[in-house]
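Engineer:
Number of protein chains: 2
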Amino acid sequence: MRVLVVEDEKPLAEGLKKGLDAEGFATDLAHDGTDGLWMARENPYDALVLDIMLPGVNGYQVCSTLRGEGNWTPILMLTAKNGELDEAEALDTGADDYLTKPFSYVVLVARLRALIRRGAGERPSVLDAGDLSFDPAARVARRGGSEIALTSREMSLLEFLMHRKGEVVSKREILDHVWDYDFDGDPNIVEVYVRHLRNKLDRPFGRAAIETLRGAGYRLAADGG
Amino acid sequence: MRVLVVEDEKPLAEGLKKGLDAEGFATDLAHDGTDGLWMARENPYDALVLDIMLPGVNGYQVCSTLRGEGNWTPILMLTAKNGELDEAEALDTGADDYLTKPFSYVVLVARLRALIRRGAGERPSVLDAGDLSFDPAARVARRGGSEIALTSREMSLLEFLMHRKGEVVSKREILDHVWDYDFDGDPNIVEVYVRHLRNKLDRPFGRAAIETLRGAGYRLAADGG
DNA sequence: TCAGCTCCTGAAGGTGCGCTGAACTGCAGC
DNA sequence: GCTGCAGTTCAGCGCACCTTCAGGAGCTGA
């Protein structure tokens with residue numbers, strides 16, 4: 030789990046890094062808001078620990094800037110005093126949790142883990158056609174309840190067909206979208222892969238999702254065949 | 030609410046018990062570290078009040094031992110003098126809060142209630158996938174009943190995979206999250222560690238939790254394989 | 001009915017990805 | 001020092017996947 034700690038008090042920052050590393054986190058440090066912002070943009074962190082009082086850009090600003098850019102990495106804010114205002118403001122600007130200094134190290138780790146567990150889970154959509162479904166992100170195809178193992182090329186083809194379910198797609202289009210533009214091999218490859226998909230998606234279920242339109246191309250039945 | 034007070038000064042201990050009982054707590058007493066540890070293990074307390082200066086096993090040791098065993102009962106430490114070292118050390122060993130002697134009885138009760146109220150939410154949770162489980166805080170992995178010894182790198186990898194169980198994670202993602210971002214060594218390291226995990230988690234049990242998706246990455250079976 | 005075409009099918013290379021065992025490095029404990 | 005362990009690097013190997021190919025089946029129009 031990769032974590033960025035943005036904290037200007039160096040001893041505290043170093044202590045946190047040491048502790049978090051020992052817990053198995055991969056911890057990076059930034060000592061001011063500008064650096065913090067930059068690093069948070071450039072790297073895929075699982076969580077941010079963000080002090081409010083920072084030289085340059087302060088914690089609130091870092092937080093709201095990131096949120097404004099569509100970055101939803103979980104953020105744990107460190108508020109200096111036990112002021113209600115601080116905490117409320119932290120949550121307002123888009124932080125996910127806050128901790129009042131001085132804080133217990135155990136509590137920090139626990140809250141951090143909780144944040145990461147909840148995580149930022151924006152799920153890409155699942156494509157479907159009748160009882161046939163395909164989740165491109167998870168790389169899982171299903172017919173009814175059962176999961177179907179597909180190779181990368183088979184998935185690319187299925188994804189393309191599902192995006193255009195109900196439409197006729199020519200072999201030329203398939204070649205252009207599923208294979209590289211500069212593919213100049215045997216176009217028969219499309220037929221071969223259609224066959225592979227049929228063997229996996231249709232035959233075991235006695236269905237016919239992929240229809241051949243002689244001279245025109247193929248069509249994936251919108252209802253899954 | 031059941032509370033254990035571990036305190037060797039008998040008058041203070043008795044006074045606390047009387048007061049806490051009056052507040053509606055069910056209070057047990059232990060007068061040294063050994064007894065305290067034993068009682069904390071055997072009974073499901075909602076909180077512990079733990080003096081640092083104890084005959085035999087001291088408060089720090091009691092605290093870190095319990096944490097090491099995966100016991101996350103909230104602990105309120107009593108530090109003798111107002112030394113920063115004491116406080117920091119208390120928190121380091123896993124205490125949730127501390128109080129400097131002499132303390133106000135009202136404050137003690139208030140903090141104790143606060144701890145108990147927050148209590149559950151702060152305990153690190155255990156990740157699981159079927160009969161496979163991993164407690165990131167205790168750093169213990171188990172398959173079924175048996176505990177499995179893992180190195181810290183193996184744990185980081187397992188933790189990352191378990192957080193995203195059922196999803197496909199690419200080697201690049203694994204490198205970015207489990208290794209430091211400036212790691213520019215051989216990406217083959219991921220394969221090597223996947224192999225280590227398989228040797229420890231799968232092979233002895235004839236299972237297959239970690240699936241290879243050629244060209245895409247790896248996936249930890251949500252049901253443990 | 002036949003030719004010409006498209007598409008299907010099974011099998012057979014190549015190739016590169018991932019697996020594997022071993023060696024090397026650095027660090028901690030004795 | 002030596003020993004053992006964790007982390008990392010490396011090179012060879014096998015196989016899964018991709019692609020090609022040739023023959024066959026089936027459709028279409030004359």
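For the record, the sequence lines run as chains A and B. If you want our numbering, it's the position in the first sequence, counting the first as 1, plus 29. If you want our numbering, it's the position in the second sequence, counting the first as 1, plus 29. Just so it is clear, CB atoms sit at the ideal spot from N, CA and C, and this is done for glycine as well.
Say whether chain A places a C-beta atom closer than 8 Å to the C-beta of L242(B).
Structural biologist: Output row for L242(B): interface = yes.
Engineer: In the DSSP output, which residue or residues are listed as bridge partners for D57(A)?
Structural biologist: L33(A)
Engineer: Spatial neighbours of L190(B) within its chain, please: C-beta separation below 6 Å, excluding the five flanking residues on both sides.
Structural biologist: L249
Engineer: Are at least three pairs of beta-carbons, each pair with one atom in the stretch 37 to 47 of chain B and one in the stretch 211 to 230 of chain A, less than 8 Å apart?
Structural biologist: Of all C-beta pairs linking the stretch 37 to 47 of chain B to the stretch 211 to 230 of chain A, fewer than three are shorter than 8 Å, placing the two stretches out of contact.
Engineer: Going by CA-CA distance only, name the one from A69(A), L79(A), D80(A) that's closest to G99(A).
Structural biologist: Nearest of A69(A), L79(A), D80(A) to G99(A), Cα basis: A69(A).
Engineer: Give the residues of chain B in contact with P73(A), contact being defined as C-beta atoms less than 7 Å apart.
Structural biologist: Going along chain B in sequence order, the residues near P73(A) (Cβ under 7 Å) are D205.
Engineer: Output, in chain order, the set of chain B residues within a Cβ distance shorter than 9 Å of S181(A).
Structural biologist: L242, R243, G244, A245
Engineer: How would you call L256(B), buried or exposed, if buried means at least 16 neighbouring beta carbons within 10 angstroms?
Structural biologist: This structure cannot settle anything about residue 256(B), because the visible part of chain B is limited to 30 through 254.
Engineer: Under a three-way DSSP split, which group does Y222(B) fall into?
Structural biologist: helix
Engineer: Any idea what DSSP makes of I203(B), helix, strand or coil?
Structural biologist: helix
Engineer: Is A251(A) helix, strand or coil when you go by DSSP?
Structural biologist: coil
Engineer: Can you confirm whether R19(A), when its beta carbon is compared against all beta carbons of chain B, has any partner nearer than 8 Å?
Structural biologist: Past the boundaries of the shown model lies residue 19(A); chain A is included only from 30 to 254, so the question cannot be answered.
Engineer: Please confirm whether L186(A) and L230(A) have their CB atoms less than 8 Å apart.
Structural biologist: no
Engineer: Just confirm the distance between the C-beta atoms of L105(A) and A139(A), as a whole number of angstroms; I'd bet it's less than 8 Å.
Structural biologist: Contact annotation, L105(A) with A139(A): C-beta distance approximately 11 Å; criterion of less than 8 Å not satisfied.
Engineer: Spatial neighbours of G253(A) within its chain, please: CB distance less than 6 Å, with the 5 preceding and 5 following residues excluded, ordered by chain position.
Structural biologist: A158, G159, D160, L161, A238
Engineer: Using a Cβ-Cβ cut-off of less than 8 Å, list which residues of the stretch 187 to 198 of chain B approach chain A; keep chain order.
Structural biologist: Within the stretch 187 to 198 of chain B, the qualifying residues are E188, F189, H192, G195, E196, V197.
Engineer: Taking the CB atoms as reference points, tell me whether D125(A) and L144(A) lie closer together than 8 Å.
Structural biologist: Taking 8 Å as the Cβ cut-off, D125(A) and L144(A) qualify as a contacting pair.
Engineer: Is there at least one Cβ from chain A nearer than 8 Å to P216(B)'s Cβ?
Structural biologist: no
Engineer: From the DSSP output, in three-state form, read off F212(A) for me.
Structural biologist: F212(A): coil per DSSP, three-state reduction.
Engineer: Ordered along the chain, which non-local residues of its own chain (more than five positions away) have a Cβ less than 6 Å from that of A55(B)?
Structural biologist: R31
Engineer: Tell me, which residues are paired with D64(B) by DSSP?
Structural biologist: D64(B) pairs with nothing; no bridge assigned.
Engineer: According to DSSP, simplified to helix, strand and coil, what is R236(B)?
Structural biologist: coil
Engineer: Which two residues bound the contiguous alpha helix (DSSP H) that contains V91(A)?
Structural biologist: Counting along the chain, the alpha helix (DSSP H) containing V91(A) begins and ends at 88 to 97.
Engineer: Could you compute how far the alpha carbon of D57(B) sits from the alpha carbon of V34(B)?
Structural biologist: 6 Å
Engineer: Quick check: the Cα distance between E202(A) and R236(A), rounded to an integer number of angstroms?
Structural biologist: E202(A) and R236(A) have their C-alpha atoms spaced approximately 25 Å apart.
Engineer: With a Cβ-Cβ cutoff of 8 Å, do Y222(B) and R182(B) count as a contact?
Structural biologist: It is a contact, given that the beta carbons lie within the stated cut-off.
Engineer: Just to confirm, is the Cβ distance from L179(B) to A170(B) under 8 Å?
Structural biologist: yes
Engineer: Does the beta carbon of M30(A) come closer than 8 Å to any beta carbon on chain B?
Structural biologist: yes
Engineer: Have a look at the DSSP bridge pairing and note the partners of L79(A).
Structural biologist: Paired residues: V35(A), M106(A).
Engineer: Apart from the five residues on each side of it in sequence, which residues of its chain come closer than 7 Å, Cβ to Cβ, to L114(A)?
Structural biologist: Below a pLDDT of 50, predicted positions are generally treated as unreliable, and L114(A), at 48, falls in that range; the measurement from the model is reported next regardless. Excluding residues within five positions, none has a Cβ falling inside 7 Å.
Engineer: Using only CA atoms, which one of D61(B), L49(B), D50(B) lies nearest to E36(B)?
Structural biologist: Cα-wise, what sits closest to E36(B) is D61(B).
Engineer: Counting only beta-carbon atoms, is A76(A) nearer than 8 Å to chain B?
Structural biologist: For A76(A), the answer is no, since every Cβ of chain B falls outside 8 Å of its Cβ.
Engineer: What span of residues does the beta strand (DSSP E) with F163(B) cover, start to end?
Structural biologist: 161 to 164
Engineer: Please confirm whether I177(A) has its beta-carbon closer than 8 Å to some beta-carbon of chain B.
Structural biologist: no
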